[in-house]
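4 protein chains.
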Amino acid sequence: MDILPLELENIAGQKVSDKCGVVALLEDSGVEYRLIQSLRILQHRGQESAGICIYNGKNLKVYKGMGLVREVFSQIKIDQTGDRGIGHIRYSTAGSSVIDNAQPIFSRVGKYEIAMGHNGEIVNAEEIRNELESKGYSFNTTSDTEVILRLLAINLARGEDIIDAMKLTFSKIRGAYSLVIMINERVFGVRDPNAIRPLAIGKTKKGFGIASENVVFEQLGGKIIRDFYPGEIIELTENGYKSYRFGNESPAHCMFEYVYFARPDSTIDGRNVFEVRKKIGEILARECPADADIVIPVPDSGRSHALGYSIGSGIPFVEGLIKNRYVDRTFIMPTQNKREDELDIKLNPIKEVVQDKRVVLVDDSIVRGNTMRKIVKLLRDAGAKEVHVRVGSPPIKYPCYLGIDMKTKEQFVAKEGKSLDELAKEFGANSVAYVSIDGLVEAIGFEKNNLCLGCLIGKYPIPITNLNANNFT
Amino acid sequence: MDILPLELENIAGQKVSDKCGVVALLEDSGVEYRLIQSLRILQHRGQESAGICIYNGKNLKVYKGMGLVREVFSQIKIDQTGDRGIGHIRYSTAGSSVIDNAQPIFSRVGKYEIAMGHNGEIVNAEEIRNELESKGYSFNTTSDTEVILRLLAINLARGEDIIDAMKLTFSKIRGAYSLVIMINERVFGVRDPNAIRPLAIGKTKKGFGIASENVVFEQLGGKIIRDFYPGEIIELTENGYKSYRFGNESPAHCMFEYVYFARPDSTIDGRNVFEVRKKIGEILARECPADADIVIPVPDSGRSHALGYSIGSGIPFVEGLIKNRYVDRTFIMPTQNKREDELDIKLNPIKEVVQDKRVVLVDDSIVRGNTMRKIVKLLRDAGAKEVHVRVGSPPIKYPCYLGIDMKTKEQFVAKEGKSLDELAKEFGANSVAYVSIDGLVEAIGFEKNNLCLGCLIGKYPIPITNLNANNFT
Amino acid sequence: MDILPLELENIAGQKVSDKCGVVALLEDSGVEYRLIQSLRILQHRGQESAGICIYNGKNLKVYKGMGLVREVFSQIKIDQTGDRGIGHIRYSTAGSSVIDNAQPIFSRVGKYEIAMGHNGEIVNAEEIRNELESKGYSFNTTSDTEVILRLLAINLARGEDIIDAMKLTFSKIRGAYSLVIMINERVFGVRDPNAIRPLAIGKTKKGFGIASENVVFEQLGGKIIRDFYPGEIIELTENGYKSYRFGNESPAHCMFEYVYFARPDSTIDGRNVFEVRKKIGEILARECPADADIVIPVPDSGRSHALGYSIGSGIPFVEGLIKNRYVDRTFIMPTQNKREDELDIKLNPIKEVVQDKRVVLVDDSIVRGNTMRKIVKLLRDAGAKEVHVRVGSPPIKYPCYLGIDMKTKEQFVAKEGKSLDELAKEFGANSVAYVSIDGLVEAIGFEKNNLCLGCLIGKYPIPITNLNANNFT
Amino acid sequence: MDILPLELENIAGQKVSDKCGVVALLEDSGVEYRLIQSLRILQHRGQESAGICIYNGKNLKVYKGMGLVREVFSQIKIDQTGDRGIGHIRYSTAGSSVIDNAQPIFSRVGKYEIAMGHNGEIVNAEEIRNELESKGYSFNTTSDTEVILRLLAINLARGEDIIDAMKLTFSKIRGAYSLVIMINERVFGVRDPNAIRPLAIGKTKKGFGIASENVVFEQLGGKIIRDFYPGEIIELTENGYKSYRFGNESPAHCMFEYVYFARPDSTIDGRNVFEVRKKIGEILARECPADADIVIPVPDSGRSHALGYSIGSGIPFVEGLIKNRYVDRTFIMPTQNKREDELDIKLNPIKEVVQDKRVVLVDDSIVRGNTMRKIVKLLRDAGAKEVHVRVGSPPIKYPCYLGIDMKTKEQFVAKEGKSLDELAKEFGANSVAYVSIDGLVEAIGFEKNNLCLGCLIGKYPIPITNLNANNFT
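Chains as they are written, first to last, in the working numbering: chain Z, 5 to 477; chain X, 5 to 477; chain D, 5 to 477; chain S, 5 to 477.
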């Protein structure tokens with residue numbers, strides 16, 4: 005599964021995915037530049053908007069805009085400096101690309117200024133919002149992050165100790181959330197009691213930080229300290245950090261971070277993503293062998309799995325599809341409304357490589373299948389004799405309510421009762437096979453009940469009461 | 005008094021003025037274009053930001069940005085259409101030029117979506133805000149408009165009838181306010197019980213409208229119906245409008261609208277602005293004669309008063325200063341930090357006109373005096389034999405708390421106890437004279453106690469309890 | 005005649021006017037900023053594009069772009085500095101608004117780098133171009149300025165002395181031209197032998213300069229030295245300037261500079277523009293009296309003439325039309341193709357002023373008449389009892405081939421054989437009258453044969469051989 | 005060798021590389037969109053500027069701007085349409101990034117409009133320019149493309165037949181050039197007599213085209229017909245194409261296209277680029293074995309070679325360095341002058357992969373060595389036990405004068421007389437080895453004398469007379 009095809013299939017206005025990335029730093033003056041660099045390191049988690057909030061010694065100051073981190077901060081003049089702050093990037097989804105949804109979001113109540121960045125999804129946001137609105141609390145957006153923010157403000161206004169106000173707030177909130185929060189000069193990270201989305205604390209060259217993925221610490225010249233525990237609040241201090249616990253459920257880490265979302269060089273909850281993907285590929289080769297000449301990946305998302313498949317099967321790995329790095333975002337000529345199929349110039353087969361070959365084509369996952377259909381055709385047109393599709397995750401058949409924007413069963417090409425042969429026919433492939441759930445679990449290396457497999461099996465670590473939930477961050 | 009010098013003196017970060025303009029229309033589809041045209045007609049009331057909110061048949065949709073109306077709406081793509089909406093423009097002030105302060109502002113509570121645009125200033129905003137914050141209501145900005153918005157939301161959430169909720173809200177609010185409000189598909193205008201800032205209802209070619217100045221109706225092909233009464237809510241309907249009253253104080257119209265703010269072709273509360281200014285000039289000639297050869301205006305703000313002075317005195321009116329239309333906004337070269345004195349290329353004397361002449365130089369008002377000092381020098385350098393400064397308003401000596409950003413006595417060049425001779429010396433002029441308060445009142449044509457003369461006499465129509473009030477709209 | 009209506013009538017793609025402005029400075033380091041300020045002072049002469057060329061001590065460096073001076077140089081980073089340079093602004097015309105036409109234009113030949121800015125029009129440009137092209141000299145544009153540039157390059161390449169090469173070049177060129185030229189570090193101004201377009205040399209605070217209008221020198225802290233003689237080359241030097249003559253025809257100054265183009269505070273060839281316009285008004289009052297109550301100008305272009313008319317006639321001058329300063333350029337919403345009539349919000353009558361009045365409406369000139377028709381209607385609708393149109397120039401009936409983009413007779417509302425009554429009917433006015441040619445000549449104060457009156461009488465100071473000439477600068 | 009490091013090392017202002025891409029199409033109406041898509045397909049050949057020229061049925065019309073194809077054509081409104089045209093993209097180099105250098109360039113002479121796009125470098129451009137300038141032909145730029153354009157114009161003006169004029173022109177030009185040319189409605193491609201830079205003709209879905217790389221045809225729904233012969237002019241016609249020969253030297257194809265420049269999925273002069281690179285890797289493994297645990301590529305440029313090395317050596321291929329796709333262009337915060345080392349966040353090792361491993365690190369080539377030094381350090385810091393650098397091209401020791409911007413010997417890390425041990429020490433590697441020249445030639449598959457190996461051996465297919473040549477396209 006690759007970014008572009010998702011965007012393309014997304015035209016109808018239906019949101020498809022909702023990755024986000026968060027970071028918090030307490031270092032020394034000039035932290036704004038390193039916050040921005042951190043967001044660039046996490047840019048794969050979101051391309052719609054980027055923002056930072058810094059403490060200038062007196063007040064919180066938010067800078068945010070639409071677009072890539074580089075674009076936003078080439079245009080916005082940051083006229084303040086500080087030694088601590090938070091940052092957020094948001095995934096690009098069609099339709100809802102408006103500045104109002106950019107984060108961090110900000111509010112003030114009494115003596116408190118509050119800023120917040122969120123990766124995840126709150127299951128009972130609408131319920132809480134309705135309750136608050138009935139008391140006259142008004143909202144500027146429909147975002148579930150604003151619900152957390154306003155609720156936290158209420159608890160702070162009650163005169164609670166800041167930590168108590170946070171614990172009280174999170175005791176009401178159910179869902180997946182990795183948060184970075186500033187309350188005046190204090191900087192916090194929070195991970196939900198099921199630890200669904202990733203969040204880690206680390207050392208940087210000049211202080212301490214919190215980030216969605218540990219590569220941030222490494223690339224800022226430091227290293228990971230540890231992942232957040234389930235239900236943990238960590239406050240960054242000048243000498244290190246303090247930890248507070250507010251929940252201790254059994255973890256249910258999102259398997260999709262390992263399969264597709266996270267960077268291969270990240271290590272999440274102790275498992276290196278590249279190694280997991282390679283292992284998936286090896287297990288896939290064992291579970292679903294193919295009689296073929298070459299293994300080629302769908303670049304770049306399927307490369308690690310394909311390498312593993314090659315190792316597991318002994319079939320040579322080779323690059324057979326070239327991806328145009330510059331077709332990263334949709335181009336629309338001002339004078340033309342019709343949007344061309346960008347895939348036509350995004351991927352190109354190497355005829356010399358695939359001609360007359362029996363090809364194993366490996367991707368990390370398949371959601372709707374449109375892209376896979378086109379890629380198989382590309383390979384056929386380039387002369388491949390056979391195309392065997394192998395997929396690095398089990399079939400996705402159920403909606404996600406915990407942070408990934410796959411909300412309806414209808415969109416999935418895999419469905420209960422549809423056979424692999426039917427899928428092969430749909431894709432125009434000679435065969436299609438997916439890694440098994442047990443194979444996936446084995447590759448990740450946790451107990452099965454410590455993973456969220458909701459989109460694979462339809463059972464979720466948190467009761468989903470409101471099936472219309474539709475606000476993600 | 006002219007716009008540019010104010011901006012120039014404004015560098016230290018102190019806000020100087022806070023004019024705004026509002027408009028509401030209920031016409032037929034495509035109202036967004038006519039809202040924008042209305043804002044262009046009112047552009048003199050604010051150049052910092054511009055915004056509109058339209059009802060698309062289902063929801064409210066806000067579009068706003070920084071800059072002139074033309075600039076904002078050349079860049080923003082308006083992707084919805086509607087038959088009703090509101091608009092707002094905000095005055096340009098250094099420092100606070102941030103998108104967060106742009107209006108209309110928006111919030112939702114229960115079944116209501118609310119949008120609001122405000123011209124004026126709330127005296128007890130901080131008091132109300134503190135009270136609300138103590139109950140956990142959090143705020144995104146320090147703007148007094150947000151205080152009105154959140155309070156209205158609370159009253160709406162209580163289940164009040166919409167009109168009752170508005171009345172309840174305004175019963176708590178003290179200050180100057182001309183508001184345009186949308187609550188879902190309903191469109192309202194509100195004027196405070198002292199009718200301090202202007203607001204009128206009128207017919208347009210295709211429906212009905214509300215606007216800060218009646219030129220909007222005329223230029224949209226209609227005409228004024230009448231000015232709002234003090235303490236009146238007017239709701240636009242498809243067939244006309246409905247009126248509700250919530251207060252009935254004695255009016256206290258801001259005299260500065262007549263002297264400087266409003267367009268000369270506007271008629272406010274029954275008085276045409278150009279005629280008032282011309283009359284001021286005539287009275288000024290009678291009260292403060294000068295033995296001189298020519299009358300020249302400070303263009304463009306002093307032109308109407310100067311014409312009156314010429315009529316009243318019999319001294320020929322002539323254009324002696326040419327204003328460069330293109331020096332409307334400060335230009336800063338990217339590579340240069342030093343800001344040159346733009347006045348040097350903004351105004352130029354016609355040597356042939358002023359040489360060896362005794363000149364009466366007429367402007368509408370003087371706030372800090374820096375500009376006047378420079379203009380007198382320009383005329384001297386061009387050969388004027390004498391320069392007699394005549395001012396179309398009495399000396400401004402006291403802060404305004406009701407919508408004009410003059411907050412400290414220190415900024416004013418006129419002060420209690422400073423003589424006209426001292427002022428003449430400061431300006432380098434042969435004489436300085438101001439129209440009297442009685443003369444001003446006579447020219448406007450209201451009873452003295454029906455005008456707000458706060459900045460002239462230090463007494464205000466509304467008790468000013470919080471002297472630190474500093475949020476204007 | 006005002007700028008906007010011209011633009012509006014211009015949609016069909018026909019160029020209407022072709023004013024330009026030029027400047028040259030030799031001062032001290034940092035001249036680029038003062039070149040830009042000079043262009044802002046001359047901005048009324050062109051709004052399409054702006055550019056400067058500076059000598060960085062080694063090479064010429066050109067910076068130019070589309071739009072107002074402020075817009076262009078807010079975006080372009082000037083990465084070099086110098087003590088001398090030239091600048092140019094170009095008039096805004098629909099259709100040909102392309103960066104290729106922006107000036108200064110640049111070329112290099114042998115050891116010479118050449119940059120050039122031009123105000124005027126060459127009559128035999130096509131002839132020379134054809135001759136050069138037949139020898140293989142290729143051109144990047146259709147501009148007549150490029151013809152001068154390439155011809156000068158050829159003469160320089162022949163090894164001629166620079167001054168001789170220039171004289172040789174101008175001996176072949178016929179038409180109206182005020183040029184600023186750099187050849188490596190040397191800075192020149194050139195005025196054609198008929199001195200048709202204005203050009204003056206002056207002192208600035210820090211050196212010497214050349215400019216289309218003398219206000220540049222005054223606003224840069226200096227003063228005019230003198231206007232260029234007909235057929236004169238002036239070279240700026242570190243201590244002053246050197247003059248070379250290459251022609252000595254009888255002058256034929258363009259009357260339209262006095263009537264409309266130049267700033268009122270400029271003095272061209274010894275005549276102050278404001279005084280000329282006022283005098284025209286006085287003569288107009290004498291020649292074409294009207295039985296009326298008030299004189300009102302079409303703002304801003306008719307103001308000086310109207311003041312003169314009021315003085316000459318004794319009828320009171322009053323402002324009866326208000327011009328919206330912000331409707332300076334056409335606004336097109338991205339989502340809307342239809343261009344609204346901007347005049348609807350550009351000019352507004354003051355009803356209180358004109359109601360029941362017999363009005364003398366004064367403008368400087370009438371070209372096509374569309375705008376005049378609309379203004380008369382505005383005044384009628386506002387209640388004017390009578391409208392008498394008085395025009396500060398004789399009827400324009402013939403094309404201009406010497407720098408003003410009026411190329412066909414068909415566009416003019418005034419025509420041979422059309423009576424004033426017919427015109428009055430067309431405009432909806434009670435009467436129409438123009439100043440006489442003799443009146444105009446008297447007001448300007450030159451001998452009749454020292455003025456170019458081509459557009460009034462159809463006879464030109466230079467034989468017009470090629471009636472299809474269509475490249476202006 | 006990867007793009008970014010080159011840019012980074014480039015700060016001193018020295019141009020580093022000068023790839024360009026050209027395309028020509030004759031299809032049906034709306035060709036402008038497909039020209040733009042073609043440039044996006046060739047975007048890897050240049051990121052500085054992009055431009056197209058189309059024939060609108062009457063005239064040539066050029067559209068061009070600075071930046072990526074997507075950026076340029078999101079901003080430029082293309083207001084004409086046509087059925088034929090040419091396009092060009094230019095490589096990003098610091099310093100010379102000015103719009104004047106963007107192509108296609110345009111000129112007109114007599115009845116001809118000429119547009120031209122160029123990939124290559126002319127050896128005798130300065131010589132020809134001097135000769136032309138001595139005859140008064142003036143130039144707007146220092147580009148060697150303008151020399152070809154002006155010379156062609158001279159030959160066309162002589163009344164020559166168009167093909168003859170072209171032949172005459174190319175008979176004077178020495179160097180590397182792949183050109184696309186329009187002369188009025190006629191569309192041509194030209195390849196120099198040594199066929200140094202690539203150029204091919206192909207079929208598209210709707211017509212015929214010419215392009216730097218054949219992937220253009222495939223991705224526009226067609227396929228390659230053949231590569232241009234040495235010294236061939238091809239004219240596109242409505243039914244196909246016509247060929248004219250003007251030279252027939254022995255080919256001397258640039259080896260660097262195979263090693264680094266071209267897309268892996270392109271096939272140039274009959275050799276598929278990916279296959280050549282893989283073969284190089286295999287030969288490199290044979291020539292320079294290493295006792296190691298894993299082979300990892302420098303992504304993305306070294307991937308194909310690394311795969312080949314793995315195949316050749318039997319050492320497992322694995323991804324050990326992750327490249328951040330979003331760090332594609334240098335980011336400079338407006339408030340910060342210091343440019344951070346972008347490599348720090350561009351590449352990241354996977355600790356789990358390289359720890360305690362003996363690593364073979366494969367890249368395509370090494371120019372200055374700075375990047376290689378940093379990468380070796382990254383791997384060491386991540387725990388690699390040994391790092392053996394293997395390079396997919398022989399040492400680059402000599403300047404290129406035929407289209408690649410490597411102009412001085414001083415810049416190269418490899419030098420005559422420096423041993424591999426010294427290099428290993430400089431890089432901090434355990435060993436360094438390069439493929440041999442014979443190995444490279446074998447992998448490409450041409451006779452050695454049919455390749456240009458100038459930068460490897462210091463002998464060039466064309467006599468280099470002017471060693472100061474410094475204008476590339």
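Glycine included, C-beta positions come from ideal geometry on N, C-alpha and C.
Interface partners of residue i on chain B, CB under 8 Å
i        : result
D/Pro268 : Among the chains of the structure shown, chain B does not appear; the protein chains present are Z, X, D and S.
Neighbourhood of residue i by C-beta, 7 Å cutoff - its chain only, sequence neighbours within 5 removed
i        : result
D/Ser314 : Val299, Pro320 and Phe321
Z/Glu150 : Ile109, Phe143 and Asn144
Limits of the unbroken beta strand (DSSP E) element including residue i
i        : result
S/Gly69  : Leu64 to Met70
S/Ala437 : Ser435 to Tyr438
X/Ser175 : No beta strand (DSSP E) holds X/Ser175; the alpha helix (DSSP H) holding it covers Ile166 to Lys176.
D/Gly25  : Cys24 to Leu30
X/Tyr116 : Tyr116 to Ile126
D/Met186 : Gly179 to Ile187
X/Ala310 : Careful: X/Ala310 lies outside any beta strand (DSSP E), inside the alpha helix (DSSP H) at Arg307 to Ser317.
Proximal residues to residue i (C-beta, below 6 Å), its chain only, five neighbours per side dropped
i        : result
Z/Tyr248 : Ile167 and Ile237
S/Thr173 : Leu155, Leu156 and Asn159
X/Ile132 : Val151
What residues in the segment 113 to 124 of chain X bring their beta carbon closer than 7 Å to a beta carbon of chain Z?
-> For the segment 113 to 124 of chain X, the set of positions with a beta-carbon nearer than 7 Å to some beta-carbon of chain Z reads Val113 and Gly114 in chain order.
Interfacial residues, the segment 155 to 167 of chain Z to chain X, with Cβ spacing under 7 Å = Listed by position, the residues of the segment 155 to 167 of chain Z near chain X (Cβ gap below 7 Å) are Ala157, Ile158, Ala161 and Arg162.
Contact set between the segment 274 to 285 of chain Z and chain S, restricted to residues whose Cβ is under 7 Å from the partner = For chain S, the residues of the segment 274 to 285 of chain Z that bring a beta carbon within less than 7 Å of one of its beta carbons are Asn276, Phe278 and Glu279, in chain order.
Spell out a yes or no on whether the segment 108 to 127 of chain Z and the segment 64 to 78 of chain Z are touching, meaning 3 or more CB-CB pairs, one atom from each, closer than 8 Å.
-> Taking 8 Å as the limit for Cβ pairs, the verdict is that the segment 64 to 78 of chain Z does touch the segment 108 to 127 of chain Z.
Give a yes or no on contact between the segment 455 to 468 of chain X and the segment 252 to 265 of chain X, applying the rule of three or more CB pairs nearer than 8 Å.
-> Touching, per the Cβ criterion.
Specify whether the segment 299 to 312 of chain Z and the segment 274 to 287 of chain Z touch according to this definition: at least 3 beta carbon pairs, one from each stretch, less than 8 Å apart.
-> Contact between the segment 299 to 312 of chain Z and the segment 274 to 287 of chain Z is present: 3 or more CB-CB pairs across the two stretches fall below 8 Å.
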